[in-house]
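*Asks:* In the working numbering, the protein residues as written are 47 to 520.
Sharing a structure below in structure tokens format, with a few things to ask.
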Ligand code: PA5
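Pasting the structure below:
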């Protein structure tokens, strides 16, 4: 029996959101009043009902349940990669990269790529989510093409960055391996739309599909994220079980027992009060890239110019990534004494997977010796509590999410809760949380600048932008 089939274990792994410090009773005048929160219960219920009603359009919500055969294929492909390759390179950007990065950091050894082959027990993972030419060139100094598998991921099948990477990789593979290049490339894309599917079919590439109704930033729990996770040895069944567990919790129409609903409500009320910034501060290196993944999810989903009626709203919260304790020494001064324009979300771990004791030494120096006998575990937990206290004392809104332990079950749960929270926040703001016209505008302008056929009008539009005035350049 898998541990996630045990109810008591599942309950012990339940993620909790402590929002005391969002409330006026705790944080003072900038806080949310109990009556105000309770008065918005009906809005949360309406949002929950709207999501349920449109569930058939939101296929990302079914991913924990709907992928039996796909999961089997992913495991087979991952086993093949693990057996035959020393490196696995993801080519993708945005929603096609941030999930794989976050999950690998959470579930693999923290210095995975640096471990020797026996200890790593899987290929090295590189997620290439930028097109800096120096970075691109440097990749080929650290991988052996003959021992590398590439997973090109693009839902739209046409993103310039990813397609440029593919052109480069295919060219190099062909030079080295001739027709065998196709054995080194796995495509993950839409089944019907875009150019990647055409390339995949024409060249008989192993292909996984991003299902309809699963947008880029909601795609970690489909082949986009599952393949890289399985290649690195993660238990993807447990990851999906965690998401399924979260789905049950996030459907709860008792709003006060539903962490996604409560968090969405709190953030909406905070936004209404001018808190335009959402700081995500994990106190665990394993969760540091969950903050990056969340930043895209929250920013792209909620940053919208108009609401569903077409009225101009220019809403959203700017996500800021911070890492505890590192950023205590860089950003926390601002969080305590700066403007009242943000909500800080601490992400803490109940039990770390390692316990490291601080050894005894320098007893003649009491200011150093007081640390002796404590552990790094106690130190980081105390620093999180201390920072939470400092932010509370300064009257700034904050809440704390506790992940009992970082494992596949809790990571699946956490990502899913954030996804539902984001969708609910979109409902509360009355915006479309699933489009990204601002991103598309940039993509289209790039196509125009590089001469993609069909973008001549966009190029003409760009040519109309006034020439830059040297007077404003120093
Ligand atoms: O969330 C989104 O839809 C975007 O951020 C995309 O993930 C990103 O632009 C990459 O798109 P694609 O997967 O189509 O290459």
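For every residue, glycine included, the Cβ atom is placed at its ideal position computed from N, Cα and C.
All values derive from a computational prediction rather than experimental measurement.
Taking DSSP's pairing of strands, which residues face residue 60 in a bridge?
*Replies:* In DSSP, residue 60 forms no bridge with anything.
*Asks:* Going along the chain, which residues of its own chain have a beta-carbon closer than 7 Å to the beta-carbon of residue 433, five neighbours each way excluded?
*Replies:* These residues qualify, in order along the chain: 370, 374 and 378.
*Asks:* Tell me the DSSP secondary structure of residue 410 in three-state form.
*Replies:* It is coil, neither helix nor strand.
*Asks:* By how many angstroms is the C-alpha of residue 158 removed from the C-alpha of residue 207?
*Replies:* Distance between the alpha carbons of residue 207 and residue 158: 26 Å.
*Asks:* When every heavy atom of ligand 1 is checked, does at least one fall within less than 8 Å of the C-beta of residue 485?
*Replies:* Yes, since a heavy atom of ligand 1 falls inside the 8 Å radius drawn around the Cβ of residue 485.
*Asks:* So, with DSSP's three-state summary, where would you put residue 396?
*Replies:* Note: residue 396 maps to strand in three-state DSSP.
*Asks:* Going by DSSP, which residues form a beta bridge with residue 444?
*Replies:* 390.
*Asks:* Could you round the C-beta distance between residue 358 and residue 351 to whole angstroms and report it? I think they count as a contact, below 8 Å.
*Replies:* Residue 358 to residue 351, Cβ: 6 Å. Contact.
*Asks:* Taking 9 Å as the cut-off, decide whether the C-beta atoms of residue 277 and residue 134 are in contact.
*Replies:* Yes; because the gap between Cβ atoms is below 9 Å, this pair is in contact.
*Asks:* Please work out which residues of its chain come closer than 7 Å, Cβ to Cβ, to residue 342, disregarding the five sequence neighbours upstream and downstream, and give them in chain order.
*Replies:* Same-chain partners within the cutoff: 140, 141, 144 and 263.
*Asks:* Apart from the five residues on each side of it in sequence, which residues of its chain come closer than 8 Å, Cβ to Cβ, to residue 103?
*Replies:* Closer than 8 Å at Cβ, skipping near neighbours: 259.
*Asks:* With DSSP as the reference, label residue 215 as helix, strand or coil.
*Replies:* Residue 215: helix per DSSP, three-state reduction.
*Asks:* For residue 361, write down the residues that DSSP places opposite it in a beta bridge.
*Replies:* Answer by DSSP bridge pairing, in chain order: 350.
*Asks:* Can you tell me which of 161, 402 and 121 puts its alpha carbon nearest to the alpha carbon of residue 272?
*Replies:* If we check each option's Cα against that of residue 272, 121 comes out closest.
*Asks:* DSSP puts residue 291 in a beta bridge; with which residues?
*Replies:* DSSP output for residue 291 lists no bridge partner at all.
*Asks:* Could you pull the DSSP bridge partners for residue 328 from this structure?
*Replies:* According to DSSP, which records beta bridges pairwise, residue 328 is partnered with 393.
*Asks:* Heavy atom of ligand 1 less than 8 Å from the Cβ of residue 525, yes or no?
*Replies:* This structure cannot settle anything about residue 525, because the visible part of the chain is limited to 47 through 520.
*Asks:* Relative to the C-alpha of residue 580, which candidate in 101, 440, 425 and 314 has its C-alpha closest?
*Replies:* As displayed, the chain neither begins before 47 nor continues past 520, which places residue 580 out of reach and without an answer.
*Asks:* Is residue 384 close to ligand 1? I mean its beta-carbon at under 8 Å from any heavy atom of the ligand.
*Replies:* For ligand 1, not one heavy atom lies less than 8 Å from the Cβ of residue 384.
*Asks:* On the three-pair Cβ rule with 8 Å, is the segment 277-290 touching the segment 448-468?
*Replies:* Contact holds: three or more Cβ-Cβ distances are below 8 Å.
*Asks:* Here's a check: name, in chain order, each residue in its chain whose Cβ is nearer than 8 Å to the Cβ of residue 222, leaving out the five neighbours to either side.
*Replies:* Closer than 8 Å at the Cβ level, and outside the excluded window around residue 222, lie 191 and 192.
*Asks:* Within the continuous beta strand (DSSP E) that includes residue 195, where are the two ends?
*Replies:* 194-200 is the extent of the beta strand (DSSP E) around residue 195.
*Asks:* So the alpha helix (DSSP H) residue 485 belongs to, where does it begin and stop?
*Replies:* Note, residue 485: alpha helix (DSSP H), 483-495.
*Asks:* So residue 466 is in the beta strand (DSSP E); what residue range does that whole segment cover?
*Replies:* Here residue 466 belongs to no beta strand (DSSP E); instead the alpha helix (DSSP H) covers 454-475.
*Asks:* Residue 137 by DSSP, collapsed to three states: which one?
*Replies:* Here residue 137 sits in strand by DSSP.
*Asks:* Considering residue 333, what are the terminal residues of the alpha helix (DSSP H) in which it resides?
*Replies:* Neither: residue 333 is in no alpha helix (DSSP H) and is coded neither H nor E.
*Asks:* In the structure shown, what three-state DSSP assignment does residue 479 receive?
*Replies:* Residue state, collapsed to three classes: coil.
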